[in-house]
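>
Numbering (this note's numbering), first residue to last: 82 to 309.
In structure tokens:
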């Protein structure tokens, strides 16, 4: 490295200033790369993530399975309540009695009161009466609800059963609740025609094995409500 003295003069003037020019030479340095390479995951990090996902799934799976089973229990209880509510509306709509028969073994059966073949034959004659469609029959108190065969006075229109891992119970193993066309409700627990007027709510319990019991309350006005 060297320097030299430079003197600036203008014509007719004396030297005004003198300074030294220093030149420094530095070694060349390459620029750093603008972008660093993207670093990937290591094997240990991937194994840790997989373990966390596996542990979370193992904890959550039994909980989700239990929730799904409880949902089935709630759906069945809602179907039971719907059987009674729809039967009451059916009785009001068709102008004749409708009976809901509960048996703890066979499930629920909805029966409509019809006039039967004997009444149809007497009304229309032996030839035409046998081919007539059965009209709505008698009410809750006088109809024979056990005559469900061909030409009988009761016709099954709906059934409801439940899976083997569920238990459905009521105050009695057999319970008949009948709705009249005027909105009244009668019941019996011995298989005879329902002649006892309902004065209180009838409770039906729906429970899954090792699950929560859900209660369906059938009110005297024929409406059904699902409790907790």
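Glycine included, each C-beta is placed from N, C-alpha and C at the ideal position.
Fair warning: this is a prediction, and the values are worked out from it, not measured in the lab.
1. Can you give me the C-alpha to C-alpha distance between residue 133 and residue 144, rounded to a whole angstrom?
2. Across which residues does DSSP place residue 159 in a beta bridge pair?
3. Identify, in the order they occur along the chain, each residue of the same chain with its Cβ nearer than 8 angstroms to the Cβ of residue 159, setting aside the five sequence neighbours on each side.
4. Residue 217 by DSSP, collapsed to three states: which one?
5. For residue 188, which beta-bridge partners are listed by DSSP?
6. Please determine if the segment 259-274 and the segment 230-242 are in contact, where contact requires at least 3 C-beta pairs separated by less than 8 angstroms.
7. Hey, residue 276 and residue 154: beta-carbon distance below 8 angstroms or not?
8. Pull up the distance between the alpha-carbon of residue 186 and that of residue 285, whole angstroms please.
9. Under the three-state reduction of DSSP, which class applies to residue 289: helix, strand or coil?
10. I believe residue 251 touches residue 183 by the beta-carbon criterion, under 8 angstroms. Please report the beta-carbon distance rounded to the nearest angstrom.
11. For residue 169, which residues in the same chain have their Cβ closer than 6 angstroms to its Cβ, ignoring the five residues on either side in sequence?
12. If I measure Cβ to Cβ from residue 207 and keep anything under 6 angstroms in the same chain, skipping five residues before and after, which residues do I get?
13. So, with DSSP's three-state summary, where would you put residue 137?
14. Hey, would you say residue 237 sits closer than 8 angstroms to residue 192, going by beta carbons?
15. Taking residue 224 and residue 274 to be in contact with their CB atoms under 8 angstroms, please state how far apart those CB atoms are, rounded to whole angstroms.
16. Roughly how many angstroms lie between the CA atoms of residue 249 and residue 122, to the nearest whole one?
17. Among the candidates 228, 180, 298, 287, whose CA atom is the shortest distance from the CA of residue 262?
18. Could you round the C-beta distance between residue 292 and residue 150 to whole angstroms and report it? I think they count as a contact, below 8 angstroms.
19. Helix, strand or coil for residue 150, going by three-state DSSP, please let me know.
20. Sorted by chain position, which residues of the same chain lie with C-beta nearer than 7 angstroms to residue 218's C-beta, five sequence neighbours on each side aside?
21. For residue 281, I'd like the list of residues in its chain whose CB is within less than 8 angstroms of its CB, leaving aside the five on either flank, ordered along the chain.
So, from the listed chains and residues:
1. 17 angstroms
2. According to DSSP, which records beta bridges pairwise, residue 159 is partnered with nothing at all.
3. 307
4. strand
5. 184
6. no
7. no
8. 14 angstroms
9. strand
10. 6 angstroms
11. 260, 303
12. In this predicted model, residue 207 has a pLDDT of only 49, less than 50, meaning its place in the structure is not dependable; the value taken from the coordinates is given anyway. Nothing listed; no residue qualifies.
13. helix
14. yes
15. 7 angstroms
16. 56 angstroms
17. 180
18. 6 angstroms
19. helix
20. 177, 194, 195, 196, 197, 224, 234
21. 301
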